[in-house]
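Asks: From first to last, the protein sequence lines are chains S and D. For the first sequence, the working numbering begins at 0 and goes up steadily by one. For the second sequence, the working numbering begins at 256 and goes up steadily by one. Dumping the structure here so I can ask a few things about it.
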Amino acid sequence: MLPKLEYCTDKRILTAFLCGEIDHHSARAVREAVDIAIEKHRPALLVLDFSAVTFMDSSGIGLIMGRFKRMQEHRADILVANPSDSIAKLMRLASVERIVRIVYTAHSANVKE
Amino acid sequence: MNTIQNSLKLIIPSHSENEGLARLAVSGFLASAGADVSTIAELKTAVSEGVTNAIVHGYRGSYGNVTLEIKLFKSGRVKITIADKGRGIEDIERAMEPLFTTAPEEERAGLGFAIMESFCDKLRVKSSVGKGTRLTMEKYIKNGSQG
């Protein structure tokens, strides 16, 4: 499933609300959609929101690392928001938090209810 | 101890859509065996990694079948094998190093084996070049109803 993309002009924040299952099969389309939006808006901050992601394997780690590199090239920042417990566990295993901040927002509580 | 309680065998063509099908089969099998939610999530992820490896690396540039087999023993031990008849792995030790990947252009993180190892109690890899690869994963499942 393609992410819903929201761009806030004021703060130059691009948020990608990822959803469904992120695996090798689905990652390519997600990656392309996010990258097109990055090129279009040139955001100062990219937020990858995982609230509605029900499954993720190492393809999701590749997706985060790839976007991290891209944002670095643009001298811009990246955040990961609201992963579920099992996805957070996978992110810890891959030491994602060593290069990308992981945050939890009130928004996730609303989505999960 | 080694009595089989239930088993499932799935043979799927190496299309990437089937990664989801393999996960669905594993989670359905484990749910009916009474495995708890976190065990199901871990084995689902491990199987997703194994099947993806077979499709992306085993059958790189070609197609073939991936065989997934799950066995549940009376003792609570689950044995999962994922086999392909693809190109095989030249250097298993190197392939298992975290962050090593032969497909960086696809943004493969090189973490498949590390994830399988950490989400299972035991992982065995048998491979021969030109003949294929067989992964065997084992894990004791905790029964969800018993906490």
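Where a beta carbon is used, it is the ideal one built from N, C-alpha and C, also for glycine.
Look at the Cβ atom of residue 332/D, then the Cβ atom of residue 393/D, and state whether they are nearer than 8 Å.
Replies: Taking 8 Å as the Cβ cut-off, residue 332/D and residue 393/D qualify as a contacting pair.
Asks: Please report how far the alpha carbon of residue 100/S lies from the alpha carbon of residue 22/S, in whole angstroms.
Replies: So the alpha carbons of these two residues sit roughly 22 Å apart.
Asks: Let's see if you can read the secondary structure: which residues bound the alpha helix (DSSP H) around residue 251/D?
Replies: The first residue shown for chain D is 256 and the last is 402, placing residue 251/D beyond what the model contains.
Asks: So with Cβ pairs under 8 Å, would you call residue 364/D a contact of chain S?
Replies: Judged by the 8 Å Cβ criterion, residue 364/D is in contact with chain S.
Asks: Using a Cβ-Cβ cutoff of less than 6 Å, which residues in the same chain neighbour residue 55/S once the five nearest sequence positions on both sides are dropped?
Replies: Contacts found: 21 and 86.
Asks: Taking the alpha-carbon positions, what's the residue 34/S to residue 330/D distance?
Replies: For residue 34/S and residue 330/D, the distance between alpha carbons rounds to 48 Å.
Asks: Hey, how far is the Cα of residue 386/D from the Cα of residue 60/S?
Replies: Each residue's Cα considered, the two are about 30 Å apart.
Asks: So is residue 97/S buried or exposed if we call it buried at 16+ other beta carbons inside 10 Å?
Replies: So residue 97/S ends up on the exposed side.
Asks: Given this structure, state the Cα-to-Cα distance separating residue 339/D from residue 364/D, to the nearest angstrom.
Replies: About 21 Å.
Asks: To be precise: take each residue of the region 284-298 of chain D, compare its Cβ to all Cβ atoms of chain S, and keep it if any distance is under 9 Å. Which residues remain?
Replies: Those would be 292, 293, 296 and 297, in chain order.
Asks: According to DSSP, residue 80/S sits in a beta bridge with which residue or residues?
Replies: Partner(s): 48/S and 102/S.
Asks: Can you give me the C-alpha to C-alpha distance between residue 303/D and residue 372/D, rounded to a whole angstrom?
Replies: Taking the straight line joining both Cα atoms gives about 13 Å.
Asks: On the DSSP letters alone, give me the boundaries of the alpha helix (DSSP H) that residue 65/S sits inside.
Replies: From DSSP, the alpha helix (DSSP H) with residue 65/S extends over 57-72.
Asks: Beta strand (DSSP E) containing residue 30/S: first to last residue?
Replies: From DSSP, residue 30/S is part of no beta strand (DSSP E) but of the alpha helix (DSSP H) over 23-40.
Asks: In the DSSP assignment, find the unbroken alpha helix (DSSP H) run with residue 355/D in it and report its ends.
Replies: Looking at the DSSP string, residue 355/D is not in any alpha helix (DSSP H), and its letter there is neither H nor E.
Asks: Within 10 Å of its beta-carbon, does residue 300/D have 16 or more other beta-carbons around it, so buried, or fewer, so exposed?
Replies: Classification of residue 300/D: buried, given that the 10 Å Cβ count is 16 or more.
Asks: Could you compute how far the alpha carbon of residue 293/D sits from the alpha carbon of residue 6/S?
Replies: The straight-line gap from Cα to Cα measures roughly 35 Å.
Asks: Just checking, does the region 70-78 of chain S make contact with the region 37-46 of chain S on the three C-beta pairs under 8 Å criterion?
Replies: In short, these stretches touch, since the Cβ pair count reaches three.
Asks: At least one CB of chain S closer than 8 Å to the CB of residue 357/D: is that the case?
Replies: Not closer than 8 Å to any Cβ of chain S, the Cβ of residue 357/D fails to qualify, so no.
Asks: Judging by CA-CA distance, which residue of 389/D, 397/D and 396/D is the nearest neighbour of residue 309/D?
Replies: For the residues 389/D, 397/D and 396/D, the minimum Cα distance to residue 309/D belongs to 389/D.
Asks: Which residue wins for smallest C-alpha separation from residue 311/D, given the options 377/D, 349/D, 360/D and 263/D?
Replies: Closest option to residue 311/D, Cα to Cα, is 360/D.
Asks: In this structure, how does DSSP classify residue 347/D when only helix, strand and coil are distinguished?
Replies: In this structure, residue 347/D counts as helix in the three-state DSSP scheme.
Asks: Could you give the DSSP three-state label for residue 116/S: helix, strand or coil?
Replies: In the structure as shown, chain S begins at 0 and stops at 112. Residue 116/S is therefore absent and cannot be evaluated.
Asks: Where does residue 273/D fall in DSSP's three states?
Replies: Residue 273/D falls in the helix class under three-state DSSP.
Asks: Between residue 4/S and residue 32/S, which are expected to be in contact by the criterion C-beta below 8 Å, what is the C-beta distance as a whole number of angstroms?
Replies: Residue 4/S to residue 32/S, Cβ: 7 Å. Contact.
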